[in-house]
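**Q** First, the structure itself, so that you have it in front of you.
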Amino acid sequence: MSDPFESAASLAARIATGEISAVEATKEALDRISALDDRLNAFITVDADGACKAARERDRDQAAGRPCGPLHGVPVAIKDVTATAGLRTTQGSTIFADRVPDRDEESVARLRRAGAVIVGKTNTPEFAFGAVCTNMLCGPTRNPWDPTRTSGGSSGGSAVTVATGMVPLAQGTDFGGSVRMPASFCGIVGLRPAPGTIAEPDRALGWGGLATQGVLARCVADTVLMLRAMAGPHPLDPLSRRPLDLDRQWPERPRIAASLDLGGAFPVDDAVAQAFEEAITGVQAALGPASRGAPPMEGAAEAFKTMRAAESFYRSGAFVETHEARLSPSFVWNVRQGRGLTAADYLKADAVRTRVWRDFIRFFEDFDLLVMPTCAVLPFPNDQEEVLEVGGRKLMSIIDYLACTFLISLVGFPALSLPAPRAPGALPFGLQLIVPPGREAVLFALARRLEQTGFRHAAPPVMR
Numbered sequence: 001m002s003d004p005f006e007s008a009a010s011l012a013a014r015i016a017t018g019e020i021s022a023v024e025a026t027k028e029a030l031d032r033i034s035a036l037d038d039r040l041n042a043f044i045t046v047d048a049d050g051a052c053k054a055a056r057e058r059d060r061d062q063a064a065g066r067p068c069g070p071l072h073g074v075p076v077a078i079k080d081v082t083a084t085a086g087l088r089t090t091q092g093s094t095i096f097a098d099r100v101p102d103r104d105e106e107s108v109a110r111l112r113r114a115g116a117v118i119v120g121k122t123n124t125p126e127f128a129f130g131a132v133c134t135n136m137l138c139g140p141t142r143n144p145w146d147p148t149r150t151s152g153g154s155s156g157g158s159a160v161t162v163a164t165g166m167v168p169l170a171q172g173t174d175f176g177g178s179v180r181m182p183a184s185f186c187g188i189v190g191l192r193p194a195p196g197t198i199a200e201p202d203r204a205l206g207w208g209g210l211a212t213q214g215v216l217a218r219c220v221a222d223t224v225l226m227l228r229a230m231a232g233p234h235p236l237d238p239l240s241r242r243p244l245d246l247d248r249q250w251p252e253r254p255r256i257a258a259s260l261d262l263g264g265a266f267p268v269d270d271a272v273a274q275a276f277e278e279a280i281t282g283v284q285a286a287l288g289p290a291s292r293g294a295p296p297m298e299g300a301a302e303a304f305k306t307m308r309a310a311e312s313f314y315r316s317g318a319f320v321e322t323h324e325a326r327l328s329p330s331f332v333w334n335v336r337q338g339r340g341l342t343a344a345d346y347l348k349a350d351a352v353r354t355r356v357w358r359d360f361i362r363f364f365e366d367f368d369l370l371v372m373p374t375c376a377v378l379p380f381p382n383d384q385e386e387v388l389e390v391g392g393r394k395l396m397s398i399i400d401y402l403a404c405t406f407l408i409s410l411v412g413f414p415a416l417s418l419p420a421p422r423a424p425g426a427l428p429f430g431l432q433l434i435v436p437p438g439r440e441a442v443l444f445a446l447a448r449r450l451e452q453t454g455f456r457h458a459a460p461p462v463m464r
């Protein structure tokens, strides 16, 4: 059997040369899922028959000399809020337990065109609302570093499939941190690109939603490989961007800013603060000196919470009223936060968002990279539904401990969570790297440099 932690790029190259077939690669992935997932609960649906059929098609195409995409034959997992033709998409809800879409979402269609083999749908909180990956449909996803702890959410299932080598790549979604948090908790790479990078022509709020799709992988090169397959404009997505320029050179002497808490914008757990300081020492050894600093954040957290609540209520308010008895209390609470908001409330929040975005743009006139923790806490027990206190400070809201990520979502800057070096027995900790839109090449180049010096995925204990 192949190395479970082989990169997607290496696997694709071996398939291209005929060293291994797409069918063999797919069956190996399915065997790993079968061996591990009873303990971890990362998948809602495993489509063994569909995956093997797709793999056979990939092998026939290759044998016939047809053009092969960059992910030809590579097993990939899809978060179960993203539509997949002919494969049930439950959104983590008992209400849609048997829903089977008749067409793919655009990102999935692009992955298939790139040659990927979809092996299944990964676990998510109901409708992707929540940072603990559990639901009433199939229960919690467990952290491979300590199965008594959460994988993070809402793309927790996707993170676990990648961290344990079930698949080399997985798709996720990120509203306030739903790719980056589980990447941090599971010790892998998680990318939230700028909105519009991955076109979403079916999105209802085409001009201004906070959510975007993202990538979970074990290394930076694979992250770029998957992003290239998914990214690109679409005529029906008004925010979609021209193809990314990922070939620019990184600065010889990058100007780095480091901030534990964005100037006191949120509390941080003592263990995270210690891990961050140790990580910054490694960053400076690899990239050069880092200055302490952050853009002004006044009003940013409240602006995000207002816009999140308004968007959630717009999308799901009526649905909650008619289906409340079958919905999780967490989802109902989240949606109803927007029930009393006015148009003036939303526009005020949008004005704050604009001001903070401009402050970020000005900040990056002096810096190439902002480095901060991905999460304010380390992975916590699976039976702990929420975090209500951090660093000895009680939180005003059950989402406040996610400010590390949601404040970056507010301004829409590309952000990547990179696993930091850890001591033996320590839980994973992610370092969040941020650049302005359009400078993704710098983000990936600097992340690769850090990866070469120890900021990389390691085999979790469940694999040993």
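Under UniProt numbering, the first residue of the sequence shown is numbered 1, with each subsequent residue one higher. Glycine included, each C-beta is placed from N, C-alpha and C at the ideal position. Values in this document were obtained by computation on a predicted structure and should not be read as measured data.
Between 312, 361, 328 and 329, which has its C-alpha nearest residue 529's C-alpha?
**A** Because the chain spans 1 through 464 in this model, residue 529 falls outside it and cannot be assessed.
**Q** Residue 389: which of 402, 223 and 423 sits nearest, CA to CA?
**A** The residue you call residue 389 lines up with position 389 of the sequence shown. For residue 389, the nearest C-alpha among the options comes from 402.
**Q** In terms of residues, what are the limits of the alpha helix (DSSP H) holding residue 222?
**A** Translated into positions along the sequence shown, residue 222 becomes position 222. Residue 222 -> alpha helix (DSSP H) spans 220 to 230.
**Q** Does the segment 191 to 200 come within contact of the segment 405 to 419, defined as at least 3 CB pairs closer than 8 Å?
**A** As far as the Cβ criterion goes, the segment 191 to 200 touches the segment 405 to 419, which means the pair count is three or higher.
**Q** State the start and end residues of the unbroken beta strand (DSSP E) segment that holds residue 43.
**A** Taking the sequence shown and counting its residues from 1, the one referred to as residue 43 is at position 43. Here the beta strand (DSSP E) through residue 43 covers 43 to 46.
**Q** Please confirm whether residue 429 and residue 272 have their CB atoms less than 8 Å apart.
**A** Position 429 of the sequence shown holds residue 429. Position 272 of the sequence shown holds residue 272. In this structure, residue 272 lies closer than 8 Å to residue 429 by Cβ.
**Q** Any idea what DSSP makes of residue 268, helix, strand or coil?
**A** Position 268 of the sequence shown holds residue 268. If DSSP states are grouped into helix, strand and coil, residue 268 belongs with coil.
**Q** What do you get for residue 105, buried or exposed, if any count of 16 or more other CB atoms within 10 angstroms of its CB means buried?
**A** For the purposes of this step, residue 105 is identified with residue 105 of the sequence shown, where counting begins at 1. Classification for residue 105: buried.
**Q** If you compare alpha carbons, which of 12, 89, 120 and 102 is closest to residue 127?
**A** Your numbering for residue 127 matches position 127 in the sequence shown. Comparing Cα-Cα distances from residue 127 to each of 12, 89, 120 and 102, the minimum goes to 89.
**Q** Please return the same chain residues whose Cβ sits closer than 8 Å to the Cβ of residue 251, not counting the five positions on each side in sequence.
**A** If you number the sequence shown from 1, residue 251 lands on position 251. So the qualifying residues of the chain are 368 and 442.
**Q** DSSP state of residue 10, grouped into three classes?
**A** Within the sequence shown, the letter at position 10 stands for residue 10. In the structure shown, residue 10 sits in a helix (DSSP, three-state: H, G or I).
**Q** Residues in the same chain with beta-carbon distance under 7 Å from residue 292, minus the five sequence neighbours each way, listed in chain order, please.
**A** What you label residue 292 is simply residue 292 of the sequence shown in a count that begins at 1. Same-chain partners within the cutoff: 258 and 259.
**Q** Threshold first: 3 residues or longer. Then list the beta strand (DSSP E) segments lying entirely within the segment 414 to 449, N to C.
**A** As far as the segment 414 to 449 is concerned, its whole beta strand (DSSP E) runs of at least 3 residues are 415 to 419 and 430 to 434.
**Q** Within the chosen definition, does the segment 231 to 243 reach the segment 196 to 204 through at least 3 CB pairs nearer than 8 Å?
**A** With a cut-off of 8 Å, the segment 196 to 204 and the segment 231 to 243 count as touching, because enough Cβ pairs lie within range.
**Q** Give me whichever residues DSSP pairs with residue 121 in a beta bridge.
**A** To locate residue 121, count along the sequence shown from 1; it is residue 121. DSSP output for residue 121 lists 45 and 78 as bridge partner(s).
**Q** Give the straight-line distance between the Cα atoms of residue 19 and residue 218, rounded to the nearest whole angstrom.
**A** Here residue 19 refers to the residue found at position 19 when the sequence shown is read from its first residue. Here residue 218 refers to the residue found at position 218 when the sequence shown is read from its first residue. Taking the straight line joining both Cα atoms gives about 22 Å.
**Q** Looking at C-beta atoms only, is the number of pairs between the segment 168 to 180 and the segment 144 to 160 that lie closer than 8 Å three or more?
**A** With the cut-off at 8 Å, the segment 168 to 180 and the segment 144 to 160 touch.
**Q** Relative to the alpha-carbon of residue 150, which residue among 227, 124 and 289 has its alpha-carbon at the smallest distance?
**A** For this step, residue 150 is matched to residue 150 along the sequence shown. For the residues 227, 124 and 289, the minimum Cα distance to residue 150 belongs to 124.
**Q** Checking the sheet assignment: what are the DSSP bridge partners for residue 213?
**A** As a position in the sequence shown, residue 213 is number 213, starting the count at 1. BP columns for residue 213 point to 173.
**Q** In terms of alpha-carbon separation, which member of 154, 119, 144 and 146 lies closest to residue 134?
**A** Looking up residue 134 in the sequence shown gives position 134. Among 154, 119, 144 and 146, the Cα nearest to that of residue 134 belongs to 154.
**Q** Which residue wins for smallest C-alpha separation from residue 71, given the options 92, 9, 242 and 51?
**A** Counted from its first residue, the sequence shown places residue 71 at position 71. Looking at the Cα atoms, 9 is the closest of the given residues.
**Q** By how many angstroms is the C-alpha of residue 351 removed from the C-alpha of residue 527?
**A** This structure does not reach residue 527, given that the chain is present from 1 up to 464, and the question cannot be answered.
**Q** For the putative contact between residue 465 and residue 411, defined by C-beta atoms under 8 Å, what is the C-beta separation to the nearest angstrom?
**A** No answer is possible for residue 465: it lies beyond the span of the chain, which begins at 1 and ends at 464.
**Q** Does DSSP put residue 372 in a helix, a strand or coil?
**A** Numbered from its first residue, the sequence shown carries residue 372 at position 372. In this structure, residue 372 counts as strand in the three-state DSSP scheme.
**Q** Give the single residue among 452, 427 and 383 whose Cα lies nearest to the Cα of residue 146.
**A** Taking the sequence shown and counting its residues from 1, one reaches residue 146 at position 146. Answer by Cα proximity: 427.
**Q** Alpha carbon to alpha carbon, how far is residue 373 from residue 186? Give it in angstroms, no decimals.
**A** Here residue 186 is taken as the residue at index 186 of the sequence shown, counted from 1. Here residue 373 is taken as the residue at index 373 of the sequence shown, counted from 1. In a straight line, the C-alpha of residue 186 is about 14 Å away from that of residue 373.
**Q** Taking the C-alpha atoms as reference points, what is the distance between residue 30 and residue 463?
**A** For this step, residue 30 is matched to residue 30 along the sequence shown. For this step, residue 463 is matched to residue 463 along the sequence shown. Distance between the alpha carbons of residue 30 and residue 463 is about 16 Å.
**Q** Going by DSSP in three states, residue 296 sits in which element: helix, strand or coil?
**A** Numbered from its first residue, the sequence shown carries residue 296 at position 296. Three-state DSSP puts residue 296 in coil, outside helix and strand.
**Q** When DSSP labels each residue in this structure, what does residue 149 get in the three-state scheme?
**A** Within the sequence shown, residue 149 is the residue found at index 149, counting from 1. In this structure, residue 149 counts as strand in the three-state DSSP scheme.
**Q** Kindly indicate which three-state DSSP category residue 453 falls into: helix, strand or coil?
**A** Stepping through the sequence shown from its first residue, residue 453 is reached at position 453. Here residue 453 sits in coil by DSSP.
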